[in-house]
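2 protein chains.
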Amino acid sequence: MTWLDLPADHPFGLSNLPYGVFSTADSEPRVGIRIGDHVLDLAPCAEQAGMESYAVWQQTSLNPFLALGRPAWTAAREWLVEVLTNPARRDCVEPHLIPVDQVTMHLPIEVADYVDFYASEHHATNVGRLFRPDSEPLTPNWKHLPIGYHGRSGTVVASGTDIVRPSGQRKPPTEPVPVFGPSVRLDIEAELGFIVGGSTELGSPVSVANSDDHLFGVVLLNDWSARDLQAWEYVPLGPFLGKSFATTISPWVVTSDALRVARVPLPGQTDPTPLPYLRGEPTDDGASTAYGLDITYEVEWNGTVVSRPPYRSMYWSPAQMVAHMTINGATLRSGDLFGSGTISGPEKDERGSFLELSWGGQEDVTLDDGSTRTFLEDGDTVILRATAPGADGTRISLSECVGTIRPAVTRT
Amino acid sequence: MTWLDLPADHPFGLSNLPYGVFSTADSEPRVGIRIGDHVLDLAPCAEQAGMESYAVWQQTSLNPFLALGRPAWTAAREWLVEVLTNPARRDCVEPHLIPVDQVTMHLPIEVADYVDFYASEHHATNVGRLFRPDSEPLTPNWKHLPIGYHGRSGTVVASGTDIVRPSGQRKPPTEPVPVFGPSVRLDIEAELGFIVGGSTELGSPVSVANSDDHLFGVVLLNDWSARDLQAWEYVPLGPFLGKSFATTISPWVVTSDALRVARVPLPGQTDPTPLPYLRGEPTDDGASTAYGLDITYEVEWNGTVVSRPPYRSMYWSPAQMVAHMTINGATLRSGDLFGSGTISGPEKDERGSFLELSWGGQEDVTLDDGSTRTFLEDGDTVILRATAPGADGTRISLSECVGTIRPAVTRT
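Keeping their order, the protein sequence lines are chains A and B.
Anchor point for the first sequence: position 211 equals 803 in the working numbering, and the numbering is continuous, going up by one each time.
Anchor point for the second sequence: position 60 equals 652 in the working numbering, and the numbering is continuous, going up by one each time.
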């Protein structure tokens, strides 16, 4: 029980404690945690409390803290719980609490490599039907490995950054050649983003069981997608400009520790069973090292919740994604970010992209104000939100991931 | 004419002056240029010469220098030529010359985003025939845009780094399901790598004509490729683990300034003509802003030169790659690296990958010692080399890109 004046069911209570990078009007960006409706400025608090490693939080990104690895993350969490529950510690905490409405949030990490997976069977099936109507919706490899590809690290942006409609080539089916102009099928992808800490050596794969050493935490991720650019460019080497103009992540990194009670079994991987390097093993508490996450997600489009994608329906575990990504000897670096891929459940109102919600632009989505949409229009705002069960029986918040569409920059 | 005792036709003469990052037995990595058979330690030389900005070279990567942009690069080159040709400057240069055999070379840049293009028509045609025998070899988009995708920045390694054979999933045609194990079709891709300097703002495309502001220089790049892993994984989102285990680049960055006289017209883009944003414009000297490069390349396999891919045969210009990569508003960052894609000419002995040289493993490549190869065996060494015409009528060297294959790490 915290000595702070905090309702027991606050979504940023003691069982959450997410990390972010904030600044105030007269200060530089640095690391804080969110507790209730305040941000705790970690470095001066830790310095006052006599922690030697406080300087790791006096930084403009979480990367130096990520580099310390799992033992330091665990120790930091234990220390945080101690100072927030022991009334004798009030004096080193209270001076460093800043109301959340007085801070500006920044990108929490300096992104090293960004990988995007494709781990929802429902999403991959829907997209397969829409992009390749004459083939089986799932490619033959889909249930054997978590398909992924690299995205552009340099255009991962903080929540709230406006998204300029991208221009590029698209080839309408009625035209013999491609045309140039602003995307007319601008879309979202509602995902989770996993933030990696602790570097590895070249040639040293990370097993499913050891992935926890590198999974620091989770953000909400919107992989903005220009479907018309993507459809024309993506064969044979995959998506490029249809994705690389912007990817938004939420400001608060909810730790794997906070999400431990949200772990659930995967929906099932029996037909086929994955190769041994991708298999989970039983844990002491009867669960599996290849776990799912019971995270409830919502997609709000101009004020209307249009979808509630259930993360627990995802086919592949984040632990399996780590094992796959490194099985060829590729390194991990602190600050690596990987997306789950669009989260779509089996139901229509559980789809995590507008491509799927509008079934390729063929079916209108009706918003609460009576307007209709297929893809994004200029001025539209999308807010992603999610919650998960917390250790104290309440629900913890993953905060929000927000973006508003601005018109394309005119080009002749 | 330099006052150094240097043969007029030295491949690292005054018209070359490539940048790299070196260390000696008792010193930290820092920036130098190569002149003849020496490395000039730039920071102390510049400090002694009274240059204010010398500290930009007292760094472990070229990135801070890259961030200064084109005017600073031009000024640095003019200063270098001055101190190396004016005998009165001997005293601030000579104490800082280190024999090249006494230095260790490092990765010259901290790689921001790594993109790999696919700009050789001959390579794309060959690979199309091999990977997709039932389709047209070139996809319909190929001549409309320079196809590219993002690779893994974190596994770009310095020349000389051993390459551990990657393990992963492959699906032999005779098997109903994929098998796990070391790659049996390990290959090279002989490319040029272009190094970007000077950051741009989100939403600000760089035109073909302005790409020179951001093209700092060129390295040799070996995009090691596990063809069996790649073939099984790459549909629908492109290559991932088949490439992400390692990419080697050469130590010396030959500047765009040094390569100015190597510019040649592209082979031709008339059927179709690219969209306006990809078109070159005439320059004052009658050339085009969308230029090719007359770089002569060779691929040596265990001491035998097996191929001489001609860079002048490449279909797309590096300037067009920059324009395409940013047309959707994506930023450039100092330290971005993009590969040309495998360089293959029209002739068999001009192919830049062993996949093509062995025609998918069906035709043996015979080495000078009488041994035969299709793909790489453990212990094999590949050296890439290239030269280009220099301003003084001699040829300048792009140095070497070297890697030796080590056995796969055993895994159950």
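Idealized CB from N, CA, C, for every residue including glycine.
Rounded to the nearest angstrom, what separates residue i and residue j at their Cα positions?
| i | j | result |
| --- | --- | --- |
| A/G789 | B/W816 | 26 angstroms |
| A/T1004 | A/F772 | Note that A/T1004 scores a pLDDT of 45, beneath 50, so its modelled location is shaky and nothing firm can be said. |
| A/Q912 | A/A801 | 9 angstroms |
| A/M917 | A/N718 | 24 angstroms |
| A/R724 | B/S945 | 30 angstroms |
| B/E992 | B/V845 | 11 angstroms |
| A/P902 | A/Y889 | 6 angstroms |
| B/W595 | A/D805 | 57 angstroms |
| B/I988 | B/A978 | 9 angstroms |
| B/V957 | B/Q650 | 46 angstroms |
| B/D726 | A/P843 | 48 angstroms |
| B/I755 | A/P732 | 30 angstroms |
| A/S775 | A/G985 | 45 angstroms |
| A/L976 | A/H714 | 19 angstroms |
| A/E639 | A/G834 | 46 angstroms |
| B/E644 | B/C637 | 12 angstroms |
| A/S880 | A/L807 | 16 angstroms |
| B/R669 | A/E955 | 60 angstroms |
| B/D629 | B/T696 | 14 angstroms |
| A/E783 | B/F657 | 37 angstroms |
With residue i and residue j assumed to form a contact (beta carbons below 8 angstroms), what rounded beta-carbon distance in angstroms separates them?
| i | j | result |
| --- | --- | --- |
| B/A854 | B/L885 | 5 angstroms |
| A/H742 | B/G937 | Wrong, their Cβ atoms sit about 29 angstroms apart, outside the cutoff. |
| A/E702 | A/N655 | 5 angstroms |
| B/G785 | B/I841 | 5 angstroms |
| B/V631 | B/N814 | The pair is not a contact, with the Cβ atoms about 23 angstroms apart (cut-off 8 angstroms). |
| B/I690 | B/T616 | 6 angstroms |
| A/A647 | A/A664 | That pair is no contact at about 13 angstroms. |
| A/A1000 | A/S759 | 5 angstroms |
| A/L990 | A/V810 | 7 angstroms |
Inspect the beta-carbon positions of residue i and residue j and report whether they are closer than 8 angstroms.
| i | j | result |
| --- | --- | --- |
| B/S899 | B/R965 | no |
| A/R626 | A/V692 | yes |
| B/V914 | B/S796 | no |
| B/G642 | B/D633 | no |
| B/T923 | B/L812 | no |
| A/G995 | A/T753 | yes |
| B/D779 | B/L947 | yes |
| A/D970 | A/R622 | no |
| B/A750 | B/L730 | no |
| A/A659 | A/S791 | yes |
| B/N894 | A/S836 | no |
| B/L829 | A/P831 | yes |
| B/L722 | B/V613 | no |
| A/R777 | A/A818 | yes |
| A/Y710 | A/G740 | yes |
Applying the 10 Å Cβ sphere with the 16-neighbour rule, what's the burial state of residue i?
| i | result |
| --- | --- |
| A/S712 | buried |
| B/Q761 | buried |
| A/T875 | exposed |
| A/D972 | buried |
| A/K940 | exposed |
| A/M593 | exposed |
| B/D597 | exposed |
| B/A667 | exposed |
| A/R925 | buried |
| B/V769 | exposed |
| B/A600 | exposed |
| B/E1050 | Lying outside 593 to 1004, the shown extent of chain B, residue 1050 of chain B is not represented and no answer is given. |
| B/G962 | exposed |
| A/P764 | exposed |
| B/G982 | buried |
Can residue i be considered in contact with the ligand ADP, in the sense that its beta carbon sits closer than 7 angstroms to one or more heavy atoms?
| i | result |
| --- | --- |
| A/S848 | In the structure on display, the ligand ADP does not appear, and there are no ligands present to speak of. |
The segment 854 to 862 of chain B touching the segment 670 to 684 of chain B, judged by at least three CB pairs closer than 8 angstroms | no
Mind the definition here: the segment 900 to 913 of chain B touches the segment 873 to 888 of chain B only if three or more C-beta pairs lie below 8 angstroms; say whether that holds.
-> Because the criterion of three Cβ pairs below 8 angstroms is met, the segment 900 to 913 of chain B and the segment 873 to 888 of chain B touch.
Three or more C-beta pairs closer than 8 angstroms, one from the segment 863 to 878 of chain B and one from the segment 726 to 738 of chain B: is that the case here?
-> yes
Is it true that the segment 933 to 952 of chain B meets the segment 842 to 853 of chain A, where meeting means three or more beta-carbon pairs spaced less than 8 angstroms apart?
-> Output reads no: the segment 842 to 853 of chain A does not touch the segment 933 to 952 of chain B.
The segment 939 to 954 of chain A contacting the segment 824 to 835 of chain A, beta-carbon criterion three pairs below 8 angstroms = Contact between the segment 939 to 954 of chain A and the segment 824 to 835 of chain A is absent, because fewer than three Cβ pairs lie under 8 angstroms.
Okay, do the segment 602 to 611 of chain A and the segment 681 to 688 of chain A touch, 3+ Cβ pairs below 8 angstroms being the bar?
-> no
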